[in-house]
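Student:
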Amino acid sequence: WVQHHECAPKKQAHKKQQAPDRHKPFLTNFVEPSFFIDYIPAKSKAKILKYLADKAFDTGGVCDSAELFSLLQEREELCPTGLEKGVAIPHTRIHSEYLFVENFIIIGRIPGGVPFGAVDGKKTDLFFMPCTMDDQLHLYTITRIALMIQKTDLADRLREAASSEEMYDIFVEEEKHFVENFVEKKK
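The sequence shown begins at 36 in the numbering used here and counts up by one.
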């Protein structure tokens, strides 16, 4: 059974979306409590990617879960998206208003972690999957996620959260903290 929505972009299709204001939290515009998964019930890379693709489809922001899954696998084969500190940022190489009808991020965890091709060889337990309609926004999103992981307690706090709702609250708090403490102020 292939999951497929007949869909079109919710917003007017643009050649290029305006870059987000990096001096303000902008990732929080792409998340809702239901986009957080406190337990991903999968232990292999393929099953994790399939689960994330299906979860993205369930948000209504993806037109075709099978296509998203295929693109996620293709990207992982090109170069694994596992980073250090137990984090992965699985994403596609294609950012299209014909695959995604809105910009959003799925964030999930697997307590104990699984092998996911991390550069440090350690297990991965946190997954951030950006789904964007535009290449520039995609790069801003991945960069902000990576910097937040590097400079804040986001990863540790997400691991300790008791629920997906608490994960959402932590994410919002940590992006605000990141902007207030680590983003160069406008002159």
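C-beta atoms are modelled at their ideal positions from N, C-alpha and C, and glycine is treated no differently.
#1: Mapping the DSSP letters down to three states, classify Ile184 as helix, strand or coil.
#2: Measure how close the beta-carbons of Arg128 and Arg110 come, nearest whole angstrom, since I'm counting them as under 8 Å.
#3: May I have the straight-line CA-CA distance separating Val122 from Pro76, to the nearest angstrom?
#4: Here's the rule I'm using: 16 or more other beta-carbon atoms within 10 Å means buried, otherwise exposed. How should Lys45 be labelled?
#5: Would you tell me roughly how many angstroms separate the C-alpha atoms of Phe104 and Leu134, rounded to the nearest one?
#6: If the criterion is Cβ atoms closer than 8 Å, does the pair Leu182 and Val154 meet it?
#7: Cβ of Asn138 within 8 Å of Cβ of Thr178?
#8: If we count the other Cβ atoms within 10 Å of its Cβ and call it buried at 16 or more, is Phe217 buried or exposed?
#9: Rounded to a whole number of angstroms, what is the C-alpha to C-alpha distance between Asp204 and Arg192?
#10: Taking buried to mean at least 16 other C-beta atoms within 10 Å of its own C-beta, is Tyr86 buried or exposed?
#11: Would you check if the distance between the CB atom of Lys120 and the CB atom of Ile184 is smaller than 8 Å?
Tutor: According to the structure data:
#1: In the structure shown, Ile184 sits in a helix (DSSP, three-state: H, G or I).
#2: With a Cβ gap of about 5 Å, Arg128 and Arg110 count as contacting.
#3: Their backbone Cα atoms lie some 17 Å apart in a straight line.
#4: Caution is warranted here: a pLDDT of 49 is assigned to Lys45, below 50, making its placement in the model unreliable, and no coordinate value can be reported.
#5: CA-CA distance, Phe104 to Leu134, rounds to 11 Å.
#6: By the CB criterion at 8 Å, Leu182 and Val154 fall outside the cutoff.
#7: For Asn138 and Thr178, no; Cβs fall outside 8 Å.
#8: Its Cβ having fewer than 16 others within 10 Å, Phe217 is exposed.
#9: Distance between the alpha carbons of Asp204 and Arg192: 10 Å.
#10: Looking at its Cβ environment, which holds 16 or more other Cβ atoms inside 10 Å, Tyr86 is buried.
#11: Yes, they are a contact pair.
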